[in-house]
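A.B. asks: First residue of the sequence shown: 82, per this note's numbering; consecutive thereafter.
Structure provided below as structure tokens; questions to follow.
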Amino acid sequence: MTAQPGLRSGQVAAAAGVNPQTLRYYERRGLLAEPERSPGGHRLYPAGAVTLLRVIKTAQRLGFTLEEVADLLEAGTHRHRRPDAGLQERARVKLAEVERRMADLEVVRTTLRQAIDAGCDDLLTCADQPCCPLPFAELADSEEQPR
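Given below as structure tokens:
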């Protein structure tokens with residue numbers, strides 16, 4: 082009796098830290114090649130599928146969408162790719178995007194701290210108070226101005 086080559090869905094999913102439905106979803110999206118089947122019909126993935134899944138999940142945690150991950154994986158398979166098609170350039174673009182979001186989140190954090198410090202407890206009441214730090218206070222003031 083010889084061992085069957087490849088890993089079954091549950092083994093791959095467990096090793097990569099995903100659920101088995103994720104494997105099928107990634108297959109449908111073209112991120113993961115459709116595996117061979119055992120004589121009993123079980124999916125048998127190559128050992129490299131675990132690494133590929135970990136790469137996909139890591140890229141997602143870094144903020145890349147599945148479409149961007151697919152593009153990165155595709156770009157990595159081309160021998161004569163454009164210099165701006167790889168990870169370096171896309172990582173720079175993603176980093177700039179993350180830095181913009183972080184700046185936005187810093188404004189949100191500062192505003193929420195100011196709302197806590199100002200004792201804002203009711204949005205409607207707070208909106209009418211001159212000490213309200215929330216952005217809608219400025220909108221309320223501009224609505225009262227004659228046009």
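In this text, a Cβ means the ideal position worked out from N, Cα and C, and glycines have one as well.
A quick note: this is a predicted structure, and the numbers were derived from the prediction, not measured.
1) Using the three-state DSSP reduction, which class does Leu205 fall into: helix, strand or coil?
2) Beta carbon of Gly167, beta carbon of Ala184: below 8 Å?
3) Given a threshold of 16 other Cβ atoms within 10 Å of its Cβ, counted over all protein chains shown, does Ile137 qualify as buried or as exposed?
4) Would you call the region 167 to 176 and the region 194 to 204 in contact, with 3 or more CB pairs under 8 Å?
5) Just confirm the distance between the C-beta atoms of Gln141 and Val150, as a whole number of angstroms; I'd bet it's less than 8 Å.
6) I'd like the list of long-range same chain contacts for Glu117, defined as Cβ closer than 7 Å, with 5 residues on each side in sequence excluded.
C.D. replies: In terms of the structure at hand:
1) Three-state DSSP puts Leu205 in a helix.
2) no
3) Burial state of Ile137 is buried, judged by a 10 Å Cβ sphere holding 16 or more other Cβ atoms.
4) Too few Cβ pairs lie closer than 8 Å, so no.
5) 7 Å
6) Gly87 and Leu125
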